[in-house]
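When you read off a place in the first sequence, starting at 1, and then add 3, the result is the number in the numbering used here.
Report on the following structure.
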Amino acid sequence: MSTARSWESSTPLDTAMTAGSVLPRGFFDRSAEEVAPALLGRRFTRRTAEGEVTVRLTEVEAYAGPLDAASHAYRGPTARTEVMFGPPGHAYVYFTYGMHFCVNLVCREAGTASAVLLRAGEIVAGEELARSRRPRSSVRDLARGPARLCQALAIDRELNGADVCDPAGPLRIMAGDAVDLSLVRTGPRTGVNGAQDVPWRFWIDGEPSVSPYRPHVPRHRGRPTSDG
DNA sequence: ATCATGATGTTCT
DNA sequence: GAACATCATGATG
């Protein structure tokens, strides 16, 4: 088949790298659906003055550009999506639902919008700091979901555009630790209102930190009613 | 476990 | 004005 699981043929670009280095920018210079499964299992580290928190990525989602009705970049560049149209290897952070942030890693060359949403991870370092940021959360739920992950890692709009391939930067994606592709599962994306059938959600089989699948349900804001 | 709903502000129409 | 790449909470099984 020409279409089935074409991402499986992608080759790791970091086999010769040591565990302490970041992924090279070239890793991101290909389509989001190729990059997404290759990110699973890798370490993603946030540094602040308080210390570092690291997650092992367990769930991601790919978004393409103008051909993907679910992508923020579908209708062309705007002030919000400017970073998505920029060079690869940078963080696209957006604010949603009036209170949450989500983070993507930008793929492909400048001018072509494509990105991978980081949906969930397992905390592997800095758990105490992560718990202080989400004091009511169980350990399992600390980074289980895209907005929770941003909370645990203290990611907000200040990090929009941050270079995740910069080894000295506040956000780093590390080389190494990729999971074997035999452990990768795929399915429809979560929480999107268009192109839901594209199987561009990727996760590691059996991981407790993977978020439960919910079909998207549009809801309008509650209105005051005249009868109370 | 699932389901329903309120919270909240930015972006785009 | 409506939608939003969501989460916490409370009800229910």
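The beta-carbon is built from N, C-alpha and C at its ideal position, and this holds for glycine as well.
Bear in mind the structure is a predicted one, so any value in this text is a computation, not a measurement.
| Query | Result |
| --- | --- |
| Look up Ala181 in the DSSP assignment and say whether it is helix, strand or coil. | coil |
| Hey, how far is the Cα of Pro170 from the Cα of Val25? | 6 Å |
| Look up Val213 in the DSSP assignment and say whether it is helix, strand or coil. | coil |
| Note the first and the last residue of the continuous beta strand (DSSP E) segment covering Val63. | Gly54 to Tyr66 |
| Assuming contact is defined by CB atoms lying nearer than 9 Å, are Trp203 and Glu36 in contact in what I supplied? | yes |
| For the candidate residues Ala39, Arg59, Gly54 and Pro40, whose alpha-carbon lies nearest to that of Phe47? | Arg59 |
| Among Pro191, Pro90 and Met177, which one has its Cα closest to the Cα of Arg45? | Met177 |
| So Pro91 packs on Cys105, CB below 8 Å; how close in whole Å? | Actually they are not in contact, since the Cβ atoms of Pro91 and Cys105 sit about 18 Å apart, beyond 8 Å. |
| Please identify the residue among Thr57, Leu156, Glu210 and Leu184 whose C-alpha is closest to the C-alpha of His103. | Leu156 |
| Between Arg28 and the rest of its own chain, which residues show a CB-CB distance below 7 Å, the 5 nearest in sequence each way excluded? | Pro91, Gly92 and Cys168 |
| Applying the 10 Å Cβ sphere with the 16-neighbour rule, what's the burial state of Leu121? | buried |
| What three-state label does DSSP hand Cys153 in the structure shown? | helix |
| Closest to Glu53 by C-alpha separation, out of Gly79, Ala65 and Gly129, would be which residue? | Gly129 |
| How about the stretch 184 to 194 and the stretch 205 to 220: do they share at least three Cβ pairs that are nearer than 8 Å? | yes |
| What span of residues does the alpha helix (DSSP H) with Glu130 cover, start to end? | Glu130 to Arg136 |
| Note down the Cα distance separating Glu64 from Pro211, rounded to an integer number of angstroms. | 17 Å |
| Suppose contacts are defined by Cβ-Cβ distances below 9 Å. Is Arg151 in contact with Arg137 by that definition? | yes |
| For Met87, tell me which candidate among Ala72, Ile158, Gly101 and Tyr66 has the shortest Cα-Cα distance. | Tyr66 |
| Could you spell out the range, first to last residue, of the beta strand (DSSP E) harbouring Val25? | First-last for Val25: undefined, no H or E at that position. |
| From which residue to which residue does the beta strand (DSSP E) around Leu108 run? | His103 to Val109 |
| Going along the chain, which residues of its own chain have a beta-carbon closer than 7 Å to the beta-carbon of Ile158, five neighbours each way excluded? | Arg49, Val96, Phe104 and Val106 |
| Excluding the 5 residues flanking Gly148 on each side, which residues of the same chain have their C-beta closer than 8 Å to its C-beta? | Arg122, Ala123 and Ser214 |
| May I ask you to list the residues that DSSP assigns as paired with Val119? | Ala65 and Leu108 |
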